[in-house]
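Protein sequences, first through last, are from chains B and U.
Counting the first sequence from 1 gives a position; my numbering is that position plus 144.
Counting the second sequence from 1 gives a position; my numbering is that position plus 144.
The structure appears below as structure tokens.
There are 2 protein chains.
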Amino acid sequence: MVVSPVVNTYPLSSYSFGTKEPKMEKDTSVADRLARMKLNYMKEGMRTSVEAILLVQEHNHPHILLLQIGNTFCKLPGGRLKPGENEVEGLKRKLSSKLAANSPNMQPNWQIGECVAVWWRPNFETIMYPYCPPHISKPKECKKLYVVHLSEREYFAVPKNLKLLAVPLFELYDNVQRYGPVISTIPQQLSRFQFNMISG
Amino acid sequence: MVVSPVVNTYPLSSYSFGTKEPKMEKDTSVADRLARMKLNYMKEGMRTSVEAILLVQEHNHPHILLLQIGNTFCKLPGGRLKPGENEVEGLKRKLSSKLAANSPNMQPNWQIGECVAVWWRPNFETIMYPYCPPHISKPKECKKLYVVHLSEREYFAVPKNLKLLAVPLFELYDNVQRYGPVISTIPQQLSRFQFNMISG
Numbered sequence: 145m146v147v148s149p150v151v152n153t154y155p156l157s158s159y160s161f162g163t164k165e166p167k168m169e170k171d172t173s174v175a176d177r178l179a180r181m182k183l184n185y186m187k188e189g190m191r192t193s194v195e196a197i198l199l200v201q202e203h204n205h206p207h208i209l210l211l212q213i214g215n216t217f218c219k220l221p222g223g224r225l226k227p228g229e230n231e232v233e234g235l236k237r238k239l240s241s242k243l244a245a246n247s248p249n250m251q252p253n254w255q256i257g258e259c260v261a262v263w264w265r266p267n268f269e270t271i272m273y274p275y276c277p278p279h280i281s282k283p284k285e286c287k288k289l290y291v292v293h294l295s296e297r298e299y300f301a302v303p304k305n306l307k308l309l310a311v312p313l314f315e316l317y318d319n320v321q322r323y324g325p326v327i328s329t330i331p332q333q334l335s336r337f338q339f340n341m342i343s344g
Numbered sequence: 145m146v147v148s149p150v151v152n153t154y155p156l157s158s159y160s161f162g163t164k165e166p167k168m169e170k171d172t173s174v175a176d177r178l179a180r181m182k183l184n185y186m187k188e189g190m191r192t193s194v195e196a197i198l199l200v201q202e203h204n205h206p207h208i209l210l211l212q213i214g215n216t217f218c219k220l221p222g223g224r225l226k227p228g229e230n231e232v233e234g235l236k237r238k239l240s241s242k243l244a245a246n247s248p249n250m251q252p253n254w255q256i257g258e259c260v261a262v263w264w265r266p267n268f269e270t271i272m273y274p275y276c277p278p279h280i281s282k283p284k285e286c287k288k289l290y291v292v293h294l295s296e297r298e299y300f301a302v303p304k305n306l307k308l309l310a311v312p313l314f315e316l317y318d319n320v321q322r323y324g325p326v327i328s329t330i331p332q333q334l335s336r337f338q339f340n341m342i343s344g
């Protein structure tokens, strides 16, 4: 038999949450964001970004932690790697910047697990694909999604301008309108995992 | 660094194709299919089915082999396991039944690889989900998709009532209307793989 990889998921209530100083978005519009991306590309080449799928459970169903900006836009915690930075180390750095208290001895135990999806941006545009399209020899961004295994108890410090939401898989599934193509297909990418739901 | 699993893909032209006797569908309508499913469930419990993602390349882009029935409906090769049957052995049996010549010494070398997706059918209905929905304690079917690694050269015998198509990932992506929810998200599920495109 083929063995499914296991993810232990703990109740949302076993985690505690506080706030910290705001982490403002670097860009105020999509056009600004794409212009900055182009500038960085000319200096550093293809952008590599890493994002985390952090899982908790409620009512025995897996939920994903998403950061909400304003009232509608949701994103996975993560961000852009520095040129040459190791993916796993870079993701830990980004997770601490987005979700950890400032004190170095209060960092969650980020256990970076499986890479579950890779998305490519062929042009300086918002559209991404889960493959590098044919005839694209110089993609502009490669974004990798990792499952991050959480310990049973952790303290998260959420920037004051963001909200941290636990969103059930059934809410993400088939909901590209609300969550976009990357986040709305996370349920499919996690389907091969076996969730070991640990109650509180 | 996290290492991506590798799939060697060979050109479509390195495979040869013939035909064999028709393999008719067991049911002539969706209603018949669901009725037979219900009957089998009462006898044998939850149905487990296994399907194969067979990859080839053309123009350096991965393509998936799909069986087309009539002019529109496409499916992955595979099928229902016998009660208690091993998944890997069952998938090999189904692949040979659908795609191999009848002679036992002409069987392709089916190398069953990674399970990339698991879909659940909560009720005797057509809709499936990439998770077992909350409050469903007795799902009716569990369908697992496996990557099957093909050798460089093989001979496939296609039942006369079916057509074997090599469909590029870019055609499947975001095309739920044509391919349905399971097949249209295969590009996302394969995105974490590194394709080693071997030319002819």
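Cβ atoms here follow ideal geometry from the backbone N, Cα and C, with glycine treated the same way.
Of the choices B:Val260, B:Cys276, B:Pro155, B:Gly234, whose alpha-carbon is the least far from that of B:Asn204? As a first step, residue 204 of chain B is located in the first sequence; it is residue number 60 there, counting from the start. Here the closest residue by C-alpha is B:Pro155.
B:Leu289 - partner residues in DSSP beta bridges: Within the first sequence, numbered from 1, the residue matching residue 289 of chain B stands at position 145. Answer is B:Glu195, B:Ala261, bridged to B:Leu289.
Less than 8 Å between the CB atoms is what I'm expecting for U:Ile330 and U:Ile197, so what's the real figure, rounded? The residue you call residue 330 of chain U lines up with position 186 of the second sequence. The residue you call residue 197 of chain U lines up with position 53 of the second sequence. Confirmed, Cβ separation roughly 6 Å.
Per the contact definition of three or more C-beta pairs closer than 8 Å, is the region 149-169 of chain U in contact with the region 297-305 of chain U? yes
7 Å Cβ cut-off: residues of chain U touching B:Pro303: As a position in the first sequence, residue 303 of chain B is number 159, starting the count at 1. In chain order: nothing, as chain U lies at least about 27 Å away.
Can you grab the Cα-Cα spacing for the pair B:Arg265 / B:Asn319, in whole Å? As a working mapping, residue 265 of chain B is identified with position 121 in the first sequence. As a working mapping, residue 319 of chain B is identified with position 175 in the first sequence. Roughly 21 Å separates the two Cα atoms.
Contact belief for U:Ser148 with U:Phe314 at Cβ below 8 Å, rounded distance in angstroms: Mapped onto the second sequence, residue 148 of chain U falls at position 4. Mapped onto the second sequence, residue 314 of chain U falls at position 170. Incorrect: roughly 20 Å between the Cβ atoms, too far for contact.
What does a CB cutoff of less than 6 Å around B:Val262 pick up in its chain, not counting 5 residues either side in sequence? Locating residue 262 of chain B in the first sequence gives position 118, counting from the first residue. Excluding positions up to five away in sequence, the list reads Lys288.
For U:Thr270, decide whether its Cβ has a neighbour in chain B, counting only Cβ atoms nearer than 9 Å. Residue 270 of chain U sits at position 126 when you count from the first residue of the second sequence. Answer no: the Cβ-Cβ gap between U:Thr270 and chain B never drops below 9 Å.
Taking the beta strand (DSSP E) that U:Val320 falls in, what are its first and last residues? By 1-based counting over the second sequence, the position of residue 320 of chain U is 176. Taken as a continuous stretch (DSSP letters only), U:Val320 belongs to no beta strand (DSSP E), being part of the alpha helix (DSSP H) at 320-328.
Determine the contact status of U:Asn340 and U:Val151, defining contact as a CB-CB distance below 9 Å. As a working mapping, residue 340 of chain U is identified with position 196 in the second sequence. As a working mapping, residue 151 of chain U is identified with position 7 in the second sequence. In contact: U:Asn340 and U:Val151 (Cβ atoms closer than 9 Å).
Count the other CB atoms, across all protein chains shown, that sit within 10 Å of the CB of B:Val311; report buried if there are 16 or more and exposed otherwise. Counting from one through the first sequence, the residue named residue 311 of chain B turns up at place 167. The residue in question, B:Val311, is buried, as its Cβ has 16 or more Cβ neighbours within 10 Å.
Is it buried or exposed for U:His279, if we count other Cβ within 10 angstroms and need 16 for buried? Walking along the second sequence from the start, residue 279 of chain U turns up at place 135. Flag for U:His279 reads exposed.
C-beta neighbour in chain B for U:Ala94, strict 9 Å: This structure cannot speak to residue 94 of chain U, because chain U is shown only from 145 to 344.
Could you spell out the range, first to last residue, of the alpha helix (DSSP H) harbouring U:Gly234? Counting from 1 along the second sequence, the entry for residue 234 of chain U is found at position 90. Start and end: 231-243.
Name, in chain order, the residues that DSSP records as bridge partners for B:Ser343. As a first step, residue 343 of chain B must be located in the first sequence, where it is residue number 199. DSSP output for B:Ser343 lists no bridge partner at all.
Closest to B:Gln251 by CA distance: which of B:Cys286, B:Gln333, B:Ser295, B:Ser281 is it? As a position in the first sequence, residue 251 of chain B is number 107, starting the count at 1. If we check each option's Cα against that of B:Gln251, B:Ser295 comes out closest.
Any chance you could list the beta strand (DSSP E) runs of at least 3 consecutive residues sitting entirely within the region 163-219 of chain B, in chain order? 191-202, 205-213, 217-219
What first and last residue would you give for the alpha helix (DSSP H) that runs through B:Leu316? The residue you call residue 316 of chain B lines up with position 172 of the first sequence. Residues 313-316.
With 7 Å as the C-beta to C-beta threshold (strictly closer), list the residues of the region 324-343 of chain U near chain B in chain order. Thr329, Pro331, Gln332, Gln333, Ser335, Arg336
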